[in-house]
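As structure tokens, the structure follows; a few thoughts come after it.
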Amino acid sequence: MSDSDDLFVRHDPIFAQKELLEINHLPDEGRIVGRDEEMKNLANAVNPAIFGQSPSNVLIYGKTGTGKSLCAKHISQRLVDTAHEEGVDASFAYVDCAQDSTETQAVQTIAAALNEQIETNIKIPDKGIATSTYYKRLWQILESRYDVVLVILDEIDKLEDDEILMQLSRAGEAGKVHNCKIGVIGISNKIKYKEKQLNERVKSSLCEREFVFPPYDGNQLNNIMEARRDAFRDGVLEDGVIPRAAALAAKEHGDARQAIDILRYAGEIAQSRGVSKVTEEFIVDAREQAETDRFRELLRGSTPHSRYVLQALTILSLNDGDGDGYRTSDIFEVYEEVCRQEGANSLSLRRVRDLLKEHAFLDITEQSRQSGGSAEGSYTEHRLLEDPEVVRDVLVDTIE
DNA sequence: CCTCCACAGGAATTTGCGGGGT
DNA sequence: ACCCCGCAAATTCCTGTGGAGG
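Going by the numbering used here, the first sequence opens with residue 661, and the numbers climb by one from there.
Here you go:
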């Protein structure tokens, strides 16, 4: 800071190691806070893999930002390392089922993650071949390279069917794979996932062990953020900042990811204002920004019509504030108007129903079934879960 | 208990695209 | 070159449903 003879800025005045605040950053073990019990349980479940035996299949429940993926990845990595020391060839594959929601995409990702083309001489193309071909190649890879493999299926409830779970659990028995054990770690944030139409044999094999990750409390959030203090330069963070952010995040959902986002945005706000300290009053803005950002992320990649539908609902919500729910047919009418203005052909009512359902699935809206009673029929009402103003703003600059 | 309405939502199918294997 | 595969988007057709009032 005091190198006054420097012509150029030699370093970031706020951040020292910004990577520590990236969502995907995997901290070293000392930095995982408040999940000791969970880590122990997980380790215990997969432990047999170290001796080349079958690990237990695991299902992890918990809301977003409770450290599910983090712990799963961390344990898997540790397991692979330890197994190596014992002379066992182990590896793990991580699949984000929100991204790879079909059976084929999921197998492809697993196979690609475990493959090493130079070594196996097996090609795993991104797409274009039959699902069964992916399986055949995957089994080949497993046979030739590994003794034991862990498959992490994150957001497993986003998977369209459980065929892949069937295949994985059956691989050994059906003689597809002889010398390689497979363990599955499923991660879900919908508690009712298991009940909801899971094939009976999949259910029993997948759910050998079940763990629930509770939300973090204010104290733990505080520690989590404290552990990443090194992301900032010395003296940049004022004392009250972390406790304040922790309290705010704990009040909402106990979501660690959001807490860390808030911290990062607070730093960025300081940066853009050209000040050298992060103070408490930045926190409120930072939280707002974290939320807008999360929402923008949800909408990224959605089709124009999906956005028009959302826009229709937003228009309705803005026009009468008291509104607690609008029925599909009303939304559809506004939607048709939106389409006219945008110069697009409107889709069928049936399709719009599906689009609305998708929004509900992403927790952008909420649906509830209503009944009008006598000869009034039954219908579904939709309401926005986010602030309509925020939605409108995000929609406006997403459409460009 | 039955009816009646206004929908919900499942099933089947089409279209069009990107990208295989041989 | 040709045919096959997966998949998303969308349509069409159709059956299912909740509950107040008869």
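Note that beta-carbon positions come from the ideal geometry of N, C-alpha and C, so glycine has one too.
Assigned secondary structure, residue i (DSSP; H/G/I helix, E/B strand, else coil)
i	result
R893	coil
V872	strand
V935	coil
D821	coil
L828	helix
H913	coil
D1057	helix
T974	helix
Q765	helix
V837	coil
I902	helix
D663	Only weak support exists for where D663 lies, its pLDDT of 49 falling under 50; the value from the coordinates is given anyway. It is coil, neither helix nor strand.
H1019	helix
V1012	helix
L1045	coil
V693	coil
Alpha-carbon spacing of residue i relative to residue j, whole angstroms
i	j	result
Y754	G727	15 Å
R1010	I735	45 Å
A907	G878	5 Å
K818	G934	42 Å
N882	V1050	28 Å
I943	M885	13 Å
L825	Y806	20 Å
K796	Q827	11 Å
N859	R830	13 Å
S662	D899	The pLDDT assigned to S662 is 49, lower than 50, so where the model puts this residue is not dependable; a value taken from the coordinates is nonetheless given after this. C-alpha separation (whole angstroms): 23 Å.
A897	R889	Residue 897 is actually Leu in this sequence, not Ala. Approximately 8 Å between the Cα atoms of the pair.
T963	V837	41 Å
K863	L813	15 Å
D760	I847	14 Å
E698	I991	45 Å
I851	K733	21 Å
N1077	E776	Beyond the ends of the chain as shown, which are 661 and 1060, falls residue 1077; an answer cannot be given.
R1052	V938	30 Å
I692	A916	11 Å
E940	L923	11 Å
Q949	E870	35 Å
T1058	L702	41 Å
Range of the contiguous beta strand (DSSP E) that encloses residue i
i	result
R956	Taken as a continuous stretch (DSSP letters only), R956 belongs to no beta strand (DSSP E), being part of the alpha helix (DSSP H) at F942 to L959.
G756	The question names Gly, but residue 756 in the sequence shown is Asp. Residues A750 to D756.
K728	Taken as a continuous stretch (DSSP letters only), K728 belongs to no beta strand (DSSP E), being part of the alpha helix (DSSP H) at K728 to E745.
G843	K841 to S848
D1023	First-last for D1023: undefined, no H or E at that position.
I778	Not the beta strand (DSSP E): I778 falls in the alpha helix (DSSP H), residues Q777 to T780.
I627	In the structure displayed, the chain extends from 661 to 1060; residue 627 sits before or after that span and is not available.
Beta-carbon proximity of residue i to residue j, cut-off 9 Å
i	j	result
D894	A758	no
S936	P673	yes
A709	A773	no
V718	G843	yes
A1020	Q1030	no
K841	V808	yes
E1046	D984	no
T769	K787	no
A946	A905	yes
S977	Y968	no
L1016	T988	yes
L959	L1055	yes
Run of the alpha helix (DSSP H) containing residue i, from where it starts to where it stops
i	result
K863	E860 to L866
I991	T988 to E1002
I710	That residue, I710, is in no alpha helix (DSSP H); it is neither H nor E in DSSP.
R805	T791 to R805
L681	Segment: none, L681 is in no alpha helix (DSSP H) and carries neither H nor E.
Beta-ladder partner(s) of residue i, from DSSP
i	result
Y1039	Q1030
L813	V755 and G846
L908	Its beta-bridge partners do not exist; DSSP assigns none.
Contact test: residue i Cβ vs the ligand SAH heavy atom, cutoff 8 Å
i	result
R1043	The model depicted lacks the ligand SAH and carries no ligand whatsoever.
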